[in-house]
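Residue numbers (the UniProt record's numbering), protein chains in the order written: chain A, 1 to 371; chain B, 1 to 371; chain C, 1 to 77; chain D, 1 to 77.
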Amino acid sequence: MTNRYNRHIILSEIGQVGQDKISNTKVLVIGAGGLGCPILQYLTAAGVGTIGIIDFDVVELSNLQRQVLFGTSTLGKNKAIAAKERLEDLNSAISIIAYGKKLTHQNAINLFNQYDIIVDGSDNFETRYLVNDASIITNKPLVFGAIYKFEGQVSVFNYNNSPSYRCLFPNPPEKDSVPNCSEIGVLGVLPGIIGSMQANEVLKIILGVGNVLSGKLLCYNALTSNMSTLKINRNELIVQSVLKDKENFHKKEMDFNCEVQVNSVSIETFLSEENIQFIDVREAHEQPKIENSSITYIPLSELENNLDRIDKTKKKAIFCQSGIRSKRAVEILQKLDIQNCFSITEGTLEIIKHINNRHCDGGTTEVICSK
Amino acid sequence: MTNRYNRHIILSEIGQVGQDKISNTKVLVIGAGGLGCPILQYLTAAGVGTIGIIDFDVVELSNLQRQVLFGTSTLGKNKAIAAKERLEDLNSAISIIAYGKKLTHQNAINLFNQYDIIVDGSDNFETRYLVNDASIITNKPLVFGAIYKFEGQVSVFNYNNSPSYRCLFPNPPEKDSVPNCSEIGVLGVLPGIIGSMQANEVLKIILGVGNVLSGKLLCYNALTSNMSTLKINRNELIVQSVLKDKENFHKKEMDFNCEVQVNSVSIETFLSEENIQFIDVREAHEQPKIENSSITYIPLSELENNLDRIDKTKKKAIFCQSGIRSKRAVEILQKLDIQNCFSITEGTLEIIKHINNRHCDGGTTEVICSK
Amino acid sequence: MHINIKYFGQISEVTQTDEESLEFSGSLVSELLETLNEKYDKLKNKDFQVAQNQELVSTETKLTGGDIALLPPFAGG
Amino acid sequence: MHINIKYFGQISEVTQTDEESLEFSGSLVSELLETLNEKYDKLKNKDFQVAQNQELVSTETKLTGGDIALLPPFAGG
Chain A
1 MTNRYNRHII
11 LSEIGQVGQD
21 KISNTKVLVI
31 GAGGLGCPIL
41 QYLTAAGVGT
51 IGIIDFDVVE
61 LSNLQRQVLF
71 GTSTLGKNKA
81 IAAKERLEDL
91 NSAISIIAYG
101 KKLTHQNAIN
111 LFNQYDIIVD
121 GSDNFETRYL
131 VNDASIITNK
141 PLVFGAIYKF
151 EGQVSVFNYN
161 NSPSYRCLFP
171 NPPEKDSVPN
181 CSEIGVLGVL
191 PGIIGSMQAN
201 EVLKIILGVG
211 NVLSGKLLCY
221 NALTSNMSTL
231 KINRNELIVQ
241 SVLKDKENFH
251 KKEMDFNCEV
261 QVNSVSIETF
271 LSEENIQFID
281 VREAHEQPKI
291 ENSSITYIPL
301 SELENNLDRI
311 DKTKKKAIFC
321 QSGIRSKRAV
331 EILQKLDIQN
341 CFSITEGTLE
351 IIKHINNRHC
361 DGGTTEVICS
371 K
Chain B
1 MTNRYNRHII
11 LSEIGQVGQD
21 KISNTKVLVI
31 GAGGLGCPIL
41 QYLTAAGVGT
51 IGIIDFDVVE
61 LSNLQRQVLF
71 GTSTLGKNKA
81 IAAKERLEDL
91 NSAISIIAYG
101 KKLTHQNAIN
111 LFNQYDIIVD
121 GSDNFETRYL
131 VNDASIITNK
141 PLVFGAIYKF
151 EGQVSVFNYN
161 NSPSYRCLFP
171 NPPEKDSVPN
181 CSEIGVLGVL
191 PGIIGSMQAN
201 EVLKIILGVG
211 NVLSGKLLCY
221 NALTSNMSTL
231 KINRNELIVQ
241 SVLKDKENFH
251 KKEMDFNCEV
261 QVNSVSIETF
271 LSEENIQFID
281 VREAHEQPKI
291 ENSSITYIPL
301 SELENNLDRI
311 DKTKKKAIFC
321 QSGIRSKRAV
331 EILQKLDIQN
341 CFSITEGTLE
351 IIKHINNRHC
361 DGGTTEVICS
371 K
Chain C
1 MHINIKYFGQ
11 ISEVTQTDEE
21 SLEFSGSLVS
31 ELLETLNEKY
41 DKLKNKDFQV
51 AQNQELVSTE
61 TKLTGGDIAL
71 LPPFAGG
Chain D
1 MHINIKYFGQ
11 ISEVTQTDEE
21 SLEFSGSLVS
31 ELLETLNEKY
41 DKLKNKDFQV
51 AQNQELVSTE
61 TKLTGGDIAL
71 LPPFAGG
C-alpha cells in the first residue's frame, strides 16, 4: 500500500512486472538543461534503475527560467552533479551517475554501451549528430527531443529498425542558417512539455505498451496547442554509411555552433610558474622560429595527430603568431577532454620579448630566436 | 545578459513588456499534487509575481512516483508548505504563499478574489466543481487539467465569456460510475505533460499571445501520443444558475469521493489527557444516555448547525453508538477546516466501561448512565 | 452512414477499444447511443458527453456521419 | 490543385505565417519549392525537409494536393 510505485503497479498496463522492467533499465540522459530537467525528474520518479546524466555546463541564473531542477543554491555548480543531488532526494531507491564532462566522439561509444536507452536533451546540432551516430553504432534506441522558441519536436530513433535522425535531417544545417543557441529565446514551459513527452517515450519503450514514436516526428506548437505527427522513413544508405565509418568515429571532432569557453590568458601569467608545457601551434614556414627545448612544436593542422606529445601532467600554454589559432587549438583540446589548456593572448613576437625580459630568471623558458 | 528572464525577454512575442506582465500577475494553484508540481515549477521559473498554493495534504511515499517537487526530505510535510520551500530556491524573486488547508465553499470566494488566474490541479470532482463555481462567481479565468491513467484533459474556462466546466459536464458523476481516486493508477509522467500544458495556458492568458484553449477541450493520450481538440459551447443557463445561487455558495458542503483521512483512535488515548472536548453525535432517542457536564451532545444530523458549540481550543474526541457516525462527523468537521477532531473507534457502551474503570482518576470525564 | 467512434478514458475500458468504425442507419446521436448501450452492457452506467466532428453536441443532435467521440470526465490530478 | 502549406519554426518567421493555402499547377514538390523561394526571398538560405500529407518526402515527389509541411531542424534543448 505504501509502495512508492503503487500508482504504477495498480495499472493493468504496468503492474509489478512492468515496474520491475523499469527498475532493471539503464537510461543515459544527454544534457541536464531545459529538456533534461523534466526528463530526469520523471524517469527518477518512475524508478528507472540506473540513470546517467552527462553535462559539462554549470548552472547560470538565466537557466532558472526553465531548468527546474536547479535554484539559487546550485548556481555555479556543474549541472549533472547538481541534478543528481536533487534527484537523489526524489528517489533514493535508484542509482544516479553524474558525468560532469562534455560528451565527445572519444567517450560516447564507451558510455552508450553501458546503457539501454539514450535520451537526447542536448542544445546544439553537433551533439545531436554525435548522439545519433553513436546510438546507431552502439545500437541503442534514442529518444529525441528538440525545441525552438514555442515549438518542439519529439521522436524515437534507432528503435527496432526505425529511422535515425539523419534519415530526417541528413546533415547538420549550415551554420548561418540556424541561429546560435545563445541568441534564441524559448518559452520556459515548452521544454517541460517536450521533455515530459520524451520521458513518456522512454517508459513506453521499457514497458512495451502503447505506440512508440518511432518512424514518426511529433511536432508541437505551444502557442496554438497544435500537434501533428509526420511519418519518417528509414534511409538505409544513410544508416549504413554511419555504421561503415564507425572505426573513424572516435577520431572525429565536434565543431560547435555554441561558443566554447576558452581560457585566454596573458603570457605574464606563466612567467613565474613551473610545470608548464609551452606549445607553439604555428605552421613550419612561420617566422620567427623559436628554438628552445622546453617548447613543443605542433602545427595546428597536425594537432590531433600529435596528442601523445601533449603532457597531461602539465598546464598547457598554447601560442601562435597572433593568438587566434592558439584559441582554436584550446577548443580542440578541450573537446578531446584534455584539461588545463590555455591560449596565450599575445602573439609570438611579444611572447619572446616578455620572456627575454626576465633577466634574473634562469628558467627553462628562455628562448632564442633562430634566423 | 545575466537576467534571469533573458530567454523570455529576447523573444519578440514576450519581451520586457511581456515579462513585466508575468511579474505583475497573481496565480492561485489548487493542489500541489501530480498536476500542481509541474504547474508550480514552471510558473515559478517563469517569474509569476505572486503564486498561491492551496493543499491540505501531506507528502506520502506513493506521491513520489510523480510529484517531483517532493522527496525523502519532505515526507510527512504539508504539500503546500513543502512546495513553497523548494520553489523559493528555484526563484527567490517572487512571492509564494502556501495555504496548508482544504479549499472549501467557505474560504474559496475570499481566496479567489485575491488572485487573477485560478489553476485547477485538484484530484476529485467535488473540488473541481467547487473551483469551477467559485471561478464563475469571482469572474476569474480557470485553467483546468485532469488525468485518468494514461489520458489527460486541458481547457481554459470562464475566460472572455468562454464555457465553464459545467457547460462540458453539468454535474458531478454518480459516485459509483467513476472509480474512487485512491483506486486509480496513473502513469507518473502524464501529469508532467498535462500540468506543463496548464502552465503554458496560464502564460498565454497573461501574455495575450497564441490561442488560449478556451471553448476547447484538449484530450491527450500518452500511450498513442494522440491529441484531439474538441469544441465546447457555453451554456448560458448553467452559468447563470451558478451565479444566481451565489448567496448560498458559502453554505454548501463538499461530499468527497476520495476518502478523507479520519483520525480514528481508541478511547484509551484520551483517558490520560486533559483539554479534551468529548462530543456525542448520537440522536436523541439512542440509549444509554450519558449525563456528564463535560460531554457535548450534538446529534450528527444537527452538527453543522451547532459549530459554535465546538471548542476550537480543545482536541475533539467524537463518539457514537458504534464508531461509524463519529467518523462521518470528523469528516464533516475536517472539511469545515476544524482541526484536531478524532473519531473514537469504540461504541458508547465500551467507552462508558473504559471511563468508569479509571477508579483513581477523579477527572471530569467520569460518566453516569441515566435510565 | 459511416461513423468512426473514439472512446476515451473509462469508456474505452468498457468497449475494450479506443476506436471503432460502423455503418449506422439511425438519424440521431441518441439512437447511436442506444445501439452502443446494447452492444456494451456497462456503458449505461457511465457518465460521458458526446462530440460529433470535434464539437460537443446534445444527444438530440442529428448524426452527420464522420467522427463521434465519447468523453467521460476525469477527476485525477 | 489546392495545397495547404504549414510552416514550422524558423520557416514561419521567413513566411510570416504558420499556414497558407494556394492553388498550384506544377506537378513536383521541387516546383512548389521554387515558387515559394520566389515568394519568400530568405527561404533558400534555410534548411528544411518537406512532408506531404503527413509523410516526409523527397523534393522529387509528385504533388498530390492536400497538406504540405516545411520542417526545419531544431537544435534547442
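Even glycine gets a Cβ: it sits at the ideal position worked out from N, Cα and C.
DSSP three-state call for residue i: helix, strand or coil?
| i | result |
| --- | --- |
| I193(A) | helix |
| C219(A) | strand |
| Y42(A) | helix |
| Q19(A) | helix |
| H2(D) | strand |
| E201(B) | helix |
| D55(B) | coil |
| N248(B) | helix |
| V29(C) | helix |
I want to see whether chain A comes within less than 8 Å of residue i, judged by CB atoms only; does it?
| i | result |
| --- | --- |
| P38(B) | yes |
| N275(B) | no |
| V262(B) | no |
| residue 78(D) | The displayed coordinates of chain D run from 1 to 77. Any statement about residue 78(D) would go beyond what the structure contains. |
| Q10(D) | yes |
Which residue wins for smallest C-alpha separation from residue i, given the options the options?
| i | options | result |
| --- | --- | --- |
| K39(C) | Q54(C), S27(C), T59(C), T17(C) | T17(C) |
| V68(B) | D311(B), P288(B), G33(B), K77(B) | G33(B) |
| L22(D) | I3(D), S30(D), N53(D) | I3(D) |
| I136(A) | F125(A), Y148(A), P163(A) | P163(A) |
| D20(A) | I295(A), H8(A), R128(A), C37(A) | H8(A) |
| N37(C) | L70(C), G77(C), G76(C) | L70(C) |
| S122(A) | N110(A), E291(A), F144(A), N306(A) | F144(A) |
| L90(B) | A93(A), Q65(A), I30(A), L217(A) | Q65(A) |
| N211(B) | V209(A), F270(A), T224(A) | T224(A) |
| Y5(A) | A93(B), G47(B), G188(B) | G188(B) |
| C167(B) | L87(B), P191(B), Y129(B) | Y129(B) |
Answer yes or no: does any C-beta atom of chain C fall closer than 8 Å to that of residue i?
| i | result |
| --- | --- |
| E174(B) | yes |
| L35(B) | yes |
| G121(B) | yes |
How is the alpha helix (DSSP H) around residue i delimited, first residue to last?
| i | result |
| --- | --- |
| F270(A) | 268 to 271 |
| Y129(B) | 125 to 138 |
| G9(C) | 9 to 15 |
| Q240(A) | 236 to 244 |
| K101(B) | It is not in any alpha helix (DSSP H) - K101(B) carries neither H nor E in the DSSP assignment. |
| E304(B) | No alpha helix (DSSP H) contains E304(B), which DSSP labels as neither H nor E. |
| F112(A) | 108 to 112 |
| E85(B) | 79 to 90 |
Can you find a CB in chain D that lies within less than 8 Å of the CB of residue i?
| i | result |
| --- | --- |
| E236(A) | no |
| F56(A) | no |
| Y148(A) | yes |
| E259(A) | With a pLDDT of 48 at E259(A), under the threshold of 50, the predicted position of this residue should be treated as unreliable, though the coordinate-derived value follows. Chain D contact via Cβ: absent. |
| I368(A) | Only weak support is given to the placement of I368(A): the predicted model assigns it a pLDDT of 49, under 50, and the value that follows is read from those uncertain coordinates. I368(A) does not count as touching chain D. |
Hey, does residue i have any beta-carbon neighbour from chain B nearer than 8 Å?
| i | result |
| --- | --- |
| Q54(C) | yes |
| S214(A) | no |
| residue 82(C) | Residue 82(C) lies beyond the range of chain C shown here (1 to 77); nothing can be said about it. |
| V209(A) | yes |
For the beta strand (DSSP E) containing residue i, name the first residue and the last one.
| i | result |
| --- | --- |
| S228(A) | 226 to 231 |
| F319(B) | 315 to 319 |
| I147(B) | 142 to 148 |
Can we count residue i as close to the ligand MG, meaning its CB is less than 7 Å from some heavy atom?
| i | result |
| --- | --- |
| K149(A) | Ligands in the displayed structure: none, and consequently the ligand MG is not present. |
### Query
Is the stretch 271 to 281 of chain B touching the stretch 319 to 330 of chain B in the sense that three or more CB pairs, one from each, lie closer than 8 Å?
yes
### Message
Contact between the stretch 141 to 156 of chain B and the stretch 194 to 203 of chain B is defined here as three or more beta-carbon pairs at a separation below 8 Å; is this criterion met?
### Response
yes
### Query
Would you say the stretch 32 to 52 of chain B touches the stretch 96 to 110 of chain A, given that touching needs at least three Cβ pairs under 8 Å?
no
### Task
Would you check if the stretch 48 to 62 of chain C and the stretch 46 to 57 of chain D touch, i.e. whether three or more CB-CB distances between them fall below 8 Å?
no
### Message
Tell me whether the stretch 231 to 241 of chain A and the stretch 22 to 32 of chain D touch, counting them as touching only if at least three CB pairs, one residue from each stretch, are closer than 8 Å.
### Response
no
### the stretch 6 to 14 of chain B / the stretch 102 to 112 of chain B touching (three or more Cβ pairs under 8 Å)
no
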